[in-house]
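Residue numbers (the numbering used here): 8 to 397. Note that beta-carbon positions come from the ideal geometry of N, C-alpha and C, so glycine has one too. This report concerns only the one structure given below.
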Ligand code: GLA
């Protein structure tokens, strides 16, 4: 019997070979975790609100083997050829730097949670573009968390592993992010988005039905790199905390549109706009889920557009390149388009009829070229399964 090798099989064989070449023995196993796009609900996660991301068909894979001492050796197909090496007994979060802070941070946070992590050897490869707002960091964290959980025999719940990944990012990498990306990467399912309530951590899959509706979700990676650890993201978080405090609620999640007049009277003009984005964005997430369930993906375009305007004008996390990408996609037939992720660069998504995809892509490329901007990377993504052992 002959079997046909898929692209994923080929990548697994290449990674196993690279691991074996480097470390001189085969790995114990391979674990992969996807990146994500967010369909709706930006900056709502750390306000205990609603989000609707989906895991994408681009992922990070780690080949790992356990050691019988406490040494960790980390190599990547994209970093230096030399392994980053440290000992779990002497590691401190402030020692971590570069990409190795993610796997090191996950090992550290698992140990903080009482999981006895063995020393390990790890080789990573990924096709999630770094810095594109597609959660390459969560993909790496979740792949490593799943691998180490299994190798240590702890077998934590997926939601616990997602939380380990978030804590690694907050405490070791130093980015004050919320929980959305890791949940999407751990809990994604084929063809569906993850409707997550970030207050109680409960989630349900919501069917997207893109293919059967003749639609594609295009990612437009503007190549404007974003950095969550510094600047804008933390400032928005602080504004939201201030707004909640001045409105007398524990989290902005506790407010809805009926509170907007009081918010306008109570808050300074800028904080009011930040708060208005969170309130309306939570309502757009719930509205998107309703529309998907009742009318399918053709119906959500206006909400995508409204979300982009809110991020551009009220939350002020867009940038000229993201606006150009979304506007051009819309002007050339997209049903809706919005920036996705933390903002200040990264990617926009556009919901496009399959027949219009080539036209939208050409128009965006032409628009960027005409302004002398860097050529964006434009590709379709499909909702995929979450982290798994291969
Ligand atoms: C980044 C963070 C997430 C979330 C988004 C914005 O992706 O990692 O926690 O806050 O930005 O929605």
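Practice task
For the beta strand (DSSP E) holding residue 38, just list the boundary residues, first then last.
Solution key: In the DSSP annotation of this structure, the continuous segment of the beta strand (DSSP E) that includes residue 38 starts and ends at 36-47.
Practice task
Name the one or two DSSP bridge partners that residue 94 has.
Solution key: 78
Exercise for the section: Report the three-state DSSP secondary structure of residue 215 (helix, strand or coil). Expected result: coil
Practice task
Could you give the DSSP three-state label for residue 197: helix, strand or coil?
Solution key: coil
Problem - When 110, 102 and 336 are compared against residue 155, the one with the closest alpha-carbon - result: 110
Problem - Same chain, Cβ closer than 7 Å to residue 98, neighbours up to 5 away in sequence not counted - result: 111 and 115
Exercise for the section: Please state if the CB of residue 312 and the CB of residue 337 are separated by a distance shorter than 9 Å. Expected result: Pairing residue 337 with residue 312 gives a Cβ-Cβ distance under 9 Å.
Exercise for the section: Go through the segment 49-77 residue by residue and report every complete run of the beta strand (DSSP E) that reaches 3 residues or more, in order. Expected result: Runs of the beta strand (DSSP E) inside the segment 49-77: 57-73.
Handout entry: Cα-Cα separation between residue 188 and residue 95, rounded to whole angstroms
Key = 26 Å
Handout entry: Buried or exposed by the 16-neighbour rule on C-beta atoms within 10 Å, applied to residue 285
Key = buried
Handout entry: Contacting residues, own chain, Cβ-Cβ under 6 Å from residue 38 (five flanking each side not counted)
Key = 69, 150, 153, 154 and 396
Problem - alpha helix (DSSP H) runs contained entirely in the segment 311-360, provided each spans 4 or more residues - result: Those alpha helix (DSSP H) runs which fall completely within the segment 311-360 and span 4+ residues are 327-338.
Exercise for the section: Check whether the segment 39-47 touches the segment 74-93, counting contact only when three or more Cβ pairs, one atom from each stretch, lie closer than 8 Å. Expected result: Short answer: they don't touch.
Practice task
Could you check the C-alpha separation between residue 295 and residue 202 for me, to the nearest Å?
Solution key: Approximately 10 Å, taken between the alpha carbons.
Exercise for the section: On a CA-only basis, which of 217, 349 and 380 is nearest residue 327? Give me that one, please. Expected result: Shortest Cα-Cα distance from residue 327 to any of 217, 349 and 380 involves 380.
Practice task
Give a yes or no on contact between the segment 68-82 and the segment 24-37, applying the rule of three or more CB pairs nearer than 8 Å.
Solution key: yes
Exercise for the section: With DSSP as the reference, please indicate the residues paired to residue 132 in a beta bridge. Expected result: 68
Problem - residue 160 versus residue 26 - alpha carbon distance - result: 22 Å
Practice task
Look at residue 158 and residue 393 and say whether their C-beta atoms are less than 9 Å apart.
Solution key: no
Handout entry: Neighbouring residues (CB closer than 5 Å to any heavy atom of the ligand GLA)
Key = 49, 50, 52, 184, 185, 187, 188, 348 and 349
Exercise for the section: Within the same chain, show all residues whose beta-carbon is closer than 7 Å to that of residue 52, passing over the 5 residues directly before and after it, in chain order. Expected result: 58, 185, 186, 187 and 205
Practice task
Take residue 19 as the anchor and find which of 130, 85 and 121 has the nearest alpha-carbon.
Solution key: The residue with the shortest Cα to Cα distance from residue 19 is 130.
Exercise for the section: Give every residue of the same chain whose Cβ lies closer than 8 Å to the Cβ of residue 387, excluding the five residues on either side of it in the sequence, and list them in chain order. Expected result: 223, 224, 225, 226 and 364
Exercise for the section: Quick one: give me the first and last residue of the alpha helix (DSSP H) that residue 292 is part of. Expected result: 276-302
Practice task
Locate the beta strand (DSSP E) running through residue 388, then write down its first and last residues.
Solution key: Residues 384-388.
Handout entry: The beta strand (DSSP E) enclosing residue 222, as first and last residue numbers
Key = 222-228
Practice task
Kindly indicate which residue of 174, 128 and 352 has the alpha-carbon position closest to the one of residue 120.
Solution key: Comparing Cα-Cα distances from residue 120 to each of 174, 128 and 352, the minimum goes to 174.
Problem - Nearest neighbour of residue 40, chosen from 30, 249 and 191 [CA to CA] - result: 191
Exercise for the section: On a CA-only basis, which of 249, 320 and 218 is nearest residue 288? Give me that one, please. Expected result: 320
Handout entry: Where the alpha helix (DSSP H) through residue 160 begins and ends
Key = It is not in any alpha helix (DSSP H) - residue 160 carries neither H nor E in the DSSP assignment.
Practice task
Take residue 334 as the anchor and find which of 117, 118, 374 and 238 has the nearest alpha-carbon.
Solution key: 374
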